[in-house]
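Numbering (our numbering), first residue to last: 24 to 388.
Okay, here's the thing in structure tokens:
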């Protein structure tokens, strides 16, 4: 696998690419909070006041007051019983798996499950089974293979990054036994989906009973770090059993301060999610009217697949001609030959959306 080309993000919805400024419809900074002036100021203020790093585990001398303050704000935002802040979104699932190792007989994973969940499944010390994503019948069949005495755990993304679809959490809960559990990697759904931005659980209208929700602060919140949303007993298990948590230095203090400000902005500014989905709906509606098939999914993501390299090269040229960076990606678990994935933000202008739509509508001619 080749290393990707270098990009420098500028002015919130643009990048410098090959020495030129181009519109950027990629990445996962859905509200562009990573460059929001108030978020940047919060990071700068924390850097001046607290320094860069606590240089110790939270379980020794590194439990700075910023961390529980951020956990409280996240618990309020997501209406969760307890929140534990960890080093990264990827680490959340591994830490939960270490804490729950040996408690389940089977781990069930969908075919498009994120790599962090695949790694987490290996730490649960149980049989691992896979089922076809978004296929309730195959999920039920796979669950039946576990046997009546089984205690299963389902590991799934909340919102899938490849197409913006959402896991059928309500269906999973319906089939799971009373002592089963769902571990949801909601890296892309948190802050984005649901009336209040609480993620895939809110979008699916399910409660937190029998669900652990893991999120990242590096996407919708524009900062860094991960958080585990669960119960107080789960927190105690993690503190006792997870070597990854106890042996890690927590995220840098300026990023914790930035995340605190980002949570405040997403709670107070109700226009952000409205603009995000207005922009996404505008693009999706235009494509569908032209007969271009795209997934019927709620996320602000538009994937386009092509059967040959000539079509890929043609679209790439057309995007560059319109001063748009061509977001063609090859990612583990995705199509072997890659695909175009356009990610819409709340901050894209009407002109940027129209330019992208003009290029993509040319595919239907």
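All residues carry an ideal CB built from backbone N, CA and C; glycine is no exception.
Note that the coordinates shown come from a computational prediction; the quantities given were computed from them, not determined experimentally.
Legend entry - residue 123 versus residue 142: straight-line alpha-carbon distance, rounded: 14 Å
Inset, instruction - Please confirm whether residue 363 and residue 327 have their CB atoms less than 8 Å apart. - result: yes
Legend entry - Reduced DSSP category for residue 153 - H, G, I as helix; E, B as strand; rest coil: strand
Inset, instruction - Find out if the Cβ-Cβ distance for the pair residue 226, residue 189 is shorter than 8 Å. - result: yes
Inset, instruction - On a CA-only basis, which of 255, 249 and 383 is nearest residue 314? Give me that one, please. - result: 383
Legend entry - For residue 145, the nearest candidate out of 307, 116 and 290 (CA to CA): 116
Inset, instruction - Please name the residue, chosen from 149, 26 and 41, that lies closest to residue 32 on a Cα-to-Cα basis. - result: 41
Inset, instruction - Please list, in chain order, all residues of the same chain as residue 80 whose beta carbon is under 7 Å from its beta carbon, the five residues on each side excluded. - result: 269, 270, 271 and 272
Legend entry - Presumed contact (8 Å Cβ cut-off) between residue 66 and residue 216, rounded CB distance: About 26 Å separates the two Cβ atoms, so there is no contact after all.
Inset, instruction - Give me whichever residues DSSP pairs with residue 306 in a beta bridge. - result: Paired residue(s): none; residue 306 is not in a bridge.
Inset, instruction - Leaving aside the five residues before and after residue 222 along the sequence, list all residues of the same chain whose C-beta is less than 6 Å from its C-beta, in chain order. - result: 181, 209, 212, 213 and 216
Inset, instruction - Please state whether DSSP places residue 208 in a helix, a strand or coil. - result: strand
Inset, instruction - Verify whether the separation of the beta carbon atoms of residue 36 and residue 55 is less than 8 Å. - result: yes
Legend entry - N- and C-terminal bounds of the alpha helix (DSSP H) containing residue 161: 159–168
Inset, instruction - Give me the Cα-Cα distance between residue 191 and residue 34, rounded to the nearest whole angstrom. - result: 37 Å
Legend entry - Inter-residue spacing [alpha-carbon to alpha-carbon] between residue 350 and residue 256: 43 Å
Legend entry - residue 213, DSSP secondary structure in three states: coil
Inset, instruction - Take the Cβ of residue 301 as the centre, count every other Cβ of all protein chains shown within 10 Å, and call the residue buried at 16 or more, exposed below. - result: exposed
Legend entry - residue 239 (DSSP reduced to helix, strand or coil): strand
Legend entry - Segment limits, alpha helix (DSSP H) that includes residue 112: 112–123
Legend entry - Classification of residue 241 by the beta-carbon crowding that lies within 10 angstroms, buried from 16 upward: buried
Legend entry - Pair within 8 Å by beta-carbon distance, residue 100 and residue 290: yes
Inset, instruction - Look at the alpha carbon of residue 165 and the alpha carbon of residue 296, and state the distance between them as a whole number of angstroms. - result: 36 Å
Legend entry - Of the listed residues 245, 234, 319 and 309, nearest to residue 252 (C-alpha basis): 234
Legend entry - Assigned exposure category for residue 358 - 16 Cβ within 10 Å defines buried: exposed
Inset, instruction - Output the boundary residues of the beta strand (DSSP E) element that contains residue 179. - result: 175–180
Inset, instruction - State the start and end residues of the unbroken beta strand (DSSP E) segment that holds residue 256. - result: Residue 256 -> not in any beta strand (DSSP E); alpha helix (DSSP H) instead, spanning 255–264.
Inset, instruction - Return the first residue and the last residue of the alpha helix (DSSP H) that residue 286 is part of. - result: 276–291
Legend entry - Within 8 Å, strictly: CB atoms of residue 137 and residue 173: no
Legend entry - Distance, residue 322 Cα to residue 85 Cα: 37 Å
Legend entry - Proximity to residue 260 [Cα-Cα], best of 249, 38 and 120: 120
Inset, instruction - Verify whether the separation of the beta carbon atoms of residue 106 and residue 114 is less than 8 Å. - result: no
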